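Q: The sequence shown: position 431 = 431 (UniProt numbering), numbered continuously.
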Amino acid sequence: RRVSVTREKIRREKMPRASSRNGTPVPMDIDAKSDGSSVPSEKAQTTYAVGQPVEAKHMAQQVGSFAAKWYSGVVRKVHENGVCDVRFDDGDSEDKVPLKFLRLPRKAKAAAPVKEQQPAAASSAASDDDDEPDEPISQGRGKRKIVPTTCMVDGFAVKRQNMYDLDEGEGSVWDRELGEKDVAFAGQERKAWDAPREPKPTARGKTGPRVASAAETDRLSKNALMKTAREEATVRRRAFLEPHRAVLTRFGAKLPPAKSGGPGIAQEDETLKQPSQIKIEMRDYQVRGLRWLASMHANGCNAILADEMGLGKTLQTIAFLAHLKFDLGVPGPHLVVAPLSVLSSWMTEIKRFCPELRAVKLHSSDVEERKRLITSLSEGDDYDVVVTTYEMAKSPNVTGVLAYRTWWRYLVVDEGHILKNDMSQVSQALRKFHFAHALLLTGTPL
1 RRVSVTREKI RREKMPRASS RNGTPVPMDI DAKSDGSSVP SEKAQTTYAV
51 GQPVEAKHMA QQVGSFAAKW YSGVVRKVHE NGVCDVRFDD GDSEDKVPLK
101 FLRLPRKAKA AAPVKEQQPA AASSAASDDD DEPDEPISQG RGKRKIVPTT
151 CMVDGFAVKR QNMYDLDEGE GSVWDRELGE KDVAFAGQER KAWDAPREPK
201 PTARGKTGPR VASAAETDRL SKNALMKTAR EEATVRRRAF LEPHRAVLTR
251 FGAKLPPAKS GGPGIAQEDE TLKQPSQIKI EMRDYQVRGL RWLASMHANG
301 CNAILADEMG LGKTLQTIAF LAHLKFDLGV PGPHLVVAPL SVLSSWMTEI
351 KRFCPELRAV KLHSSDVEER KRLITSLSEG DDYDVVVTTY EMAKSPNVTG
401 VLAYRTWWRY LVVDEGHILK NDMSQVSQAL RKFHFAHALL LTGTPL
C-alpha cells in the first residue's frame, strides 16, 4: 500500500499541468497514445442506475476503507449528488454509499472488450493508475482466502457456523441430538474403506470358533443395554424438541417428519428431594438443579449445568448419579473427565457426599501402571464412576479400550467450555467415546 501511494505521488508530479483562468496550474489525468506519448484528458466518473448490479464496501464510512470489504448488491436508489442506496445479496442494505465505495462487478469488468495491446510505457502508467489490485476478491494481502463468517437471517447477522445447511456449518441438531448418526463418529470423517484381508492360517491344534470369556460376555451385554438406552432417549428427545421445529427450521435445519403417538414431554418433578444416600443437606437451588437434571434425563436430552463457580456443580452431579442408581434403579458405569487440578477433589467429594457410589481414579504417568488400570477396569464391574483427566482421555491406550470397547451411561465433562473448539485434541478424543447421555459442567460463559 505504501508503494502504491509513493508511485501515485511520483506520477502526479510528472503529470503535465494545464492552466486555469487565473493562471493556477491544474493537474489532469493522462491517456496514452499508440506511439507511447501521453496527452491530458478528463477522467470520466461512473454513474449508476436503479437496479444495476454493483459492488460496494459495506460499512466503509464507519470502519474505514481499509477494514471494509467488497460485497455484491443492487442499486436501490440514486440520490441527487450521485450517492446510492445499496441492497446487498445477503439481504442487508446500506444508505447513501459514496461513489468512491462503489464499483462495477468484477464479472462485468471481465466481460468488457479487451483493448488493443499498448506499449510497455503506457501499460506501466495504466497499472500505476489502477486503484484496485489485480488479485481476485477472495485473496487477502497474505494470499489467504477471505471467507465470510456471517450471513443474514431475517435482517440479523448470524455466524455461518451456526447455520445447519452450509458446508462449514455444524451438523443439524436433528442429526446430532436425535441419534440419526452414530455419536462416536460425530465431528470426524470416517476412514476410507479397505479391502478385506484374507484370514491368516490358524495354528495347528486350534479348531472351532473362539469362545468369549465371562468378562467379555458381561461387557457385551452391558454395551447392548447402553445402546438400547440411547435409542430410547432418541425417541423421548424427538418429542421434546418437536415444539421447537419452527425455530430450528429458520436456521436451515432439515427436520424429519413429525411423528404422532410417541411419548409426551416429561415435566419437572417439584416433589423430588435429594437422595437419602447424600450425607449433607443440599441448598434449595442445588435441589432445583437436581430436579432439572432429572427432567432432562427423563426427556432423553443431554444437558449443560452452567452454575457459577463455587455453587456446587460437583455436588449436584454426584446427587444426580445417586438418584439414577438408588431412586430410578439405572446402573452405570459413568465416566467423569476433569482437569488434573480437580481430579483429587472429585474423588474426595464422592467419598464425602455419597460413599455408597463406588468411584475409581484412572490416572498414572507410568505406562505399565496405566495399562494395568485399564485392564482391571475393562474386566471388572465393581465400580459405578470412573474419574480421569483430559490427558488420559487422549491417550491411545485409554481410547483403544475405554472408548471403542466400553459404553458409558453418562459422560460427564468438567470445565466443559474447553470443548468450544471442536477441532481440539480433547474434543476429538471425547467424540470417540460411546455413551448414552452427556453432561457438561462449566462456570465459564460460553
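Beta carbons are placed, not taken as given, at the ideal position from N, Cα and C, and that holds for glycine. Keep in mind that this is a model prediction, so the values were computed, not measured.
Can you name the residues that DSSP bridges to LYS159?
A: Position 159 of the sequence shown, counted from the start, is the residue given in the question as residue 159. Answer by DSSP bridge pairing, in chain order: THR150.
Q: How far does the alpha helix (DSSP H) with GLU349 in it reach, from first residue to last?
A: In the sequence shown, the residue the question calls residue 349 occupies position 349. First-last of the alpha helix (DSSP H) with GLU349: 343-353.
Q: For VAL83, which residues in the same chain have their Cβ closer than 8 Å to its Cβ, ignoring the five residues on either side in sequence?
A: Stepping through the sequence shown from its first residue, residue 83 is reached at position 83. Here the set comprises LYS96, VAL97, PRO98 and LEU99.
Q: Determine the DSSP secondary structure at residue 477, reduced to helix, strand or coil.
A: The chain is shown only over 1 to 446; residue 477 falls outside these bounds and no answer can be derived.
Q: What three-state label does DSSP hand LYS200 in the structure shown?
A: Taking the sequence shown and counting its residues from 1, one reaches residue 200 at position 200. In this structure, LYS200 counts as coil in the three-state DSSP scheme.
Q: Which of the three DSSP states is assigned to TYR48 in this structure?
A: Walking along the sequence shown from the start, residue 48 turns up at place 48. It is coil, neither helix nor strand.
Q: Identify the continuous alpha helix (DSSP H) that holds ASP284 and give its terminal residues.
A: Residue numbering aside, residue 284 sits at position 284 when the sequence shown is read from its first letter. From DSSP, the alpha helix (DSSP H) with ASP284 extends over 284-298.
Q: Output the boundary residues of the beta strand (DSSP E) element that contains THR389.
A: Against the sequence shown, residue 389 aligns to sequence position 389. It spans 385-389 - the beta strand (DSSP E) in which THR389 sits, taken as one unbroken run.
Q: Determine the direct distance from the alpha carbon of ARG160 to that of GLY73, and round the result to whole angstroms.
A: Here residue 73 refers to the residue found at position 73 of the sequence shown. Here residue 160 refers to the residue found at position 160 of the sequence shown. Taking the straight line joining both Cα atoms gives about 19 Å.
Q: Hey, how far is the Cα of ASP384 from the Cα of LEU357?
A: Residue numbering aside, residue 384 sits at position 384 when the sequence shown is read from its first letter. Residue numbering aside, residue 357 sits at position 357 when the sequence shown is read from its first letter. Answer to the nearest angstrom: the Cα atoms are 6 Å apart.
Q: Note the first and the last residue of the continuous beta strand (DSSP E) segment covering ILE304.
A: Within the sequence shown, the letter at position 304 stands for residue 304. 303-305 is the extent of the beta strand (DSSP E) around ILE304.
Q: Restricting to Cα atoms, I'd like to know which of GLN52, ALA229, LEU305 and HIS79 is closest to ARG103.
A: Walking along the sequence shown from the start, residue 103 turns up at place 103. When only C-alpha atoms are compared, the closest one is GLN52.
Q: Beta-carbon within less than 6 Å of ARG76's beta-carbon, same chain only, minus the 5 sequence neighbours each way: which residues are those?
A: Translated into positions along the sequence shown, residue 76 becomes position 76. Closer than 6 Å at the Cβ level, and outside the excluded window around ARG76, lie ASP85 and ARG87.
Q: Distance check for GLU270 and LYS227, CA to CA, integer angstroms please.
A: Counted from its first residue, the sequence shown places residue 227 at position 227. Counted from its first residue, the sequence shown places residue 270 at position 270. Their backbone Cα atoms lie some 30 Å apart in a straight line.
Q: Taking buried to mean at least 16 other C-beta atoms within 10 Å of its own C-beta, is ALA403 buried or exposed?
A: Mapped onto the sequence shown, residue 403 falls at position 403. Classification for ALA403: buried.
Q: Can you give me the start and stop residues for the alpha helix (DSSP H) that LEU321 sits inside?
A: Start at 1 with the first residue of the sequence shown, and residue 321 comes out as number 321. That run of the alpha helix (DSSP H) goes 313-322.
Q: Taking the C-alpha atoms as reference points, what is the distance between SER57 and PHE66?
A: Locating residue 57 in the sequence shown gives position 57, counting from the first residue. Locating residue 66 in the sequence shown gives position 66, counting from the first residue. Note on identity: in this sequence residue 57 is Lys, with Ser being the wrong assignment. Answer to the nearest angstrom: the Cα atoms are 10 Å apart.
Q: Straight-line CA distance for ASN162 to THR149?
A: Here residue 162 refers to the residue found at position 162 of the sequence shown. Here residue 149 refers to the residue found at position 149 of the sequence shown. Going by the C-alpha atoms only, they are around 10 Å apart.
Q: Under DSSP, the alpha helix (DSSP H) around LEU430 begins and ends at which residues?
A: The residue labelled residue 430 in the question sits at position 430 within the sequence shown. Per DSSP, LEU430 belongs to the alpha helix (DSSP H) from 425-430.
Q: What is the DSSP secondary structure of VAL83, reduced to helix, strand or coil?
A: Here residue 83 refers to the residue found at position 83 of the sequence shown. Of the three classes helix, strand and coil, the one that applies to VAL83 here is coil, per DSSP.
Q: What did DSSP end up calling LYS371 once you bin it into helix, strand or coil?
A: By one-based count along the sequence shown, residue 371 stands at place 371. If DSSP states are grouped into helix, strand and coil, LYS371 belongs with the helices.
Q: Can you round the beta-carbon distance between GLY300 and PHE240 to whole angstroms, since I take them to be within the 8 Å contact cut?
A: Here residue 300 refers to the residue found at position 300 of the sequence shown. Here residue 240 refers to the residue found at position 240 of the sequence shown. With 8 Å as the limit, GLY300 and PHE240 qualify as a contact, their Cβ atoms being about 7 Å apart.
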